[in-house]
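In the working numbering, the protein residues as written are 61 to 320. To keep things clear, I will list the structure first and then write my remarks on it.
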Ligand code: PEP
């Protein structure tokens with residue numbers, strides 16, 4: 061049984077004050093809620109230390125939304141894996157579609173980020189996903205194959221323990237157009253199979269693959285119950301405390317059902 065993850069990606073939303081209020085509410089609720097699933101939030105990088113502070117003593121993990129692959133140097137505006145170590149942050153998101161498409165990050169840079177994070181023993185949520193026209197033209201599997209092959213270049217079998225994959229079809233991110241559970245399950249099964257063919261059955265069975273793309277309270281159950289979906293990476297709905305808590309609760313119910 062793979063431990064599911066309910067993760068939130070806040071992108072560039074919330075002031076510090078709003079962030080602290082959210083974590084006050086989430087932390088006090090979480091203290092009384094027994095959960096098997098992992099809860100992981102990627103707030104804006106600027107607030108990482110405050111969020112780590114706020115969640116100390118809770119079973120809530122905090123990560124950054126992006127890093128640069130060099131350790132230190134003249135790279136204005138960037139942060140690095142050793143800096144994460146210095147503040148006690150263990151998680152990073154890599155290859156989000158907004159990084160790929162707005163900031164023109166390519167597979168080679170994404171791979172360098174992954175290798176750098178692995179060198180510094182971080183856990184990585186590595187995002188892949190096709191654009192709408194790529195799906196319509198029948199290239200989904202080709203796109204996923206390329207993103208996996210190049211993004212995971214030189215990543216060894218043992219390192220795969222540190223990597224969670226997030227399948228996030230670009231056409232579903234922030235659009236309200238969620239993939240149907242069947243479409244999502246097919247893509248997840250394809251990714252798991254790719255891991256089996258390119259690593260081993262062990263890696264494929266252990267790997268956690270999250271779905272992301274307009275996940276909400278109303279649709280999360282149908283997605284999370286799919287056999288190859290091991291959790292969700294949630295943008296918009298993770299910003300609202302009540303919605304995020306509801307999704308965590310539904311995730312817990314689904315995990316119990318999958319366990320039986
Ligand atoms: C995301 O930012 O990774 C995401 C999936 O966003 P949303 O849930 O808003 O579609």
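C-beta: ideal position from N, C-alpha, C; glycine also. Please read all numbers here as calculations on a predicted model, not as lab measurements.
When only Cα atoms are considered, residue 131 and residue 207 end up about 24 Å apart.
Judged by DSSP secondary structure, residue 319 falls within the alpha helix (DSSP H) whose first and last residues are 301-319. Assigned with DSSP and collapsed to three states, residue 147 falls in helix.
The closest heavy atom of ligand 1 lies 7 Å or more from the beta carbon of residue 133. Between the segment 85-103 and the segment 138-146 there are fewer than three C-beta pairs closer than 8 Å, too few to call the two in contact. The residues 241, in chain order, have a CB closer than 6 Å to that of residue 282 in the same chain once the five nearest residues on each side in sequence are set aside. For residue 83, the uninterrupted alpha helix (DSSP H) segment begins and ends at 76-91. The criterion of a C-beta distance shorter than 8 Å is satisfied by residue 210 and residue 167. The beta carbon of residue 252 is closer than 6 Å to those of 264 and 288 in its chain, skipping five residues each way along the sequence. Counting only runs of 3 or more residues that sit fully inside the segment 111-192, the beta strand (DSSP E) segments are 121-124, 151-154 and 183-188, in chain order.
Going by beta carbons, residue 229 and residue 195 fall inside the 8 Å limit. Between the segment 273-281 and the segment 80-88, the count of C-beta pairs closer than 8 Å stays below three; the two stretches do not touch. In this chain, the alpha helix (DSSP H) harbouring residue 200 covers 200-211.
Of the heavy atoms belonging to ligand 1, none sits nearer than 7 Å to the Cβ of residue 284.
If you ignore the 5 residues before and after residue 214, its C-beta comes within less than 8 Å of the C-beta of 171 and 175, all in its own chain and listed in chain order.
In terms of Cβ geometry, residue 160 and residue 126 do not form a close pair [threshold 8 Å]. Residue range 98-102 is occupied by the beta strand (DSSP E) that includes residue 101. By the criterion of a C-beta distance shorter than 7 Å, residue 149 is surrounded in its chain by 108, 112, 122, 123 and 124, once the five residues flanking it on both sides are discounted. For the 8 Å CB-CB criterion, residue 182 and residue 135 do not form a contact.
By the C-beta density criterion, residue 218 is exposed, having fewer than 16 other C-beta atoms within 10 angstroms. Straight-line measurement puts the Cα of residue 97 at about 22 Å from the Cα of residue 238. Taking residue 115 as reference, the option from 320, 91 and 300 with the minimal CA-CA separation is 91. Considering only 189, 153 and 199, the residue with the shortest C-alpha distance to residue 178 is 153. Under the criterion of beta carbons closer than 8 Å, residue 307 and residue 66 qualify as touching, at roughly 6 Å.
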